[in-house]
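Inspection log for the structure reproduced underneath, given as structure tokens.
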Amino acid sequence: MEDIAGQDKTRLLKLSGPLTISNLFDFQNRVRTNTVERLILDFTNVPYVDSAGIGAMVGAHVTHSKDGRSLALVGVNQRVRAALGVTRVEQFFKFYDSREEAQATRT
Numbered sequence: 004m005e006d007i008a009g010q011d012k013t014r015l016l017k018l019s020g021p022l023t024i025s026n027l028f029d030f031q032n033r034v035r036t037n038t039v040e041r042l043i044l045d046f047t048n049v050p051y052v053d054s055a056g057i058g059a060m061v062g063a064h065v066t067h068s069k070d071g072r073s074l075a076l077v078g079v080n081q082r083v084r085a086a087l088g089v090t091r092v093e094q095f096f097k098f099y100d101s102r103e104e105a106q107a108t109r110t
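In our numbering, the protein residues as written are 4 to 110.
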């Protein structure tokens with residue numbers, strides 16, 4: 004997982020590997036410590052997520068929304084997207100094809 008400085012009040016968190024219970028706490032800590040207005044999560048190198056990973060993603064969404072901040076997902080593959088759809092949480096997230104598109108969109 005790599006934390007990359009962004010522009011303005013945006014930060015990019017580049018994830019690597021599956022988002023599962025084995026690395027969940029690192030993800031949660033990184034999300035929790037990023038208090039910027041907009042956090043972009045780059046899922047380009049995430050092959051799959053398990054139920055614990057989905058729960059952590061929902062928790063990140065809730066925390067950011069509650070504080071008036073936004074969360075954006077970039078590079079989400081079909082397998083991850085399908086897992087989010089099956090669990091009916093896909094609707095909570097904003098998906099973008101590229102980092103540039105996510106950075107250009109302010110909502």
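Using N, Cα and C, we set each Cβ at its ideal position, and we do this for glycine too.
* As assigned by DSSP and simplified to three states, the class of T36 -> helix
* So what does G98 bridge to, in DSSP terms? -> Note on identity: in this sequence residue 98 is Phe, with Gly being the wrong assignment. Paired residues: L76.
* Residues of its chain near K97, where Cβ-Cβ distance is below 6 Å and the 5 sequence neighbours each way are ignored -> A75
* Inter-residue Cα distance where the pair is N37 and D45 -> 14 Å
* In the DSSP assignment, what are the bridge partners of I57? -> Beta-bridge pairing links I57 to no other residue.
* **Nearest candidate by alpha-carbon position, reference L42, set L27, G56, Q31 and N80** => Q31
* So what's D29 in DSSP terms, helix, strand or just coil? -> helix
* What does V49 pair with, by DSSP beta-bridge criteria? -> V49 is not bridged to any residue.
* To do: Could you check what DSSP says for T90 in three-state terms: helix, strand or coil?
  => coil
* Asked: How long is the line joining the alpha carbons of P21 and L27, rounded to whole angstroms?
  -> 10 Å
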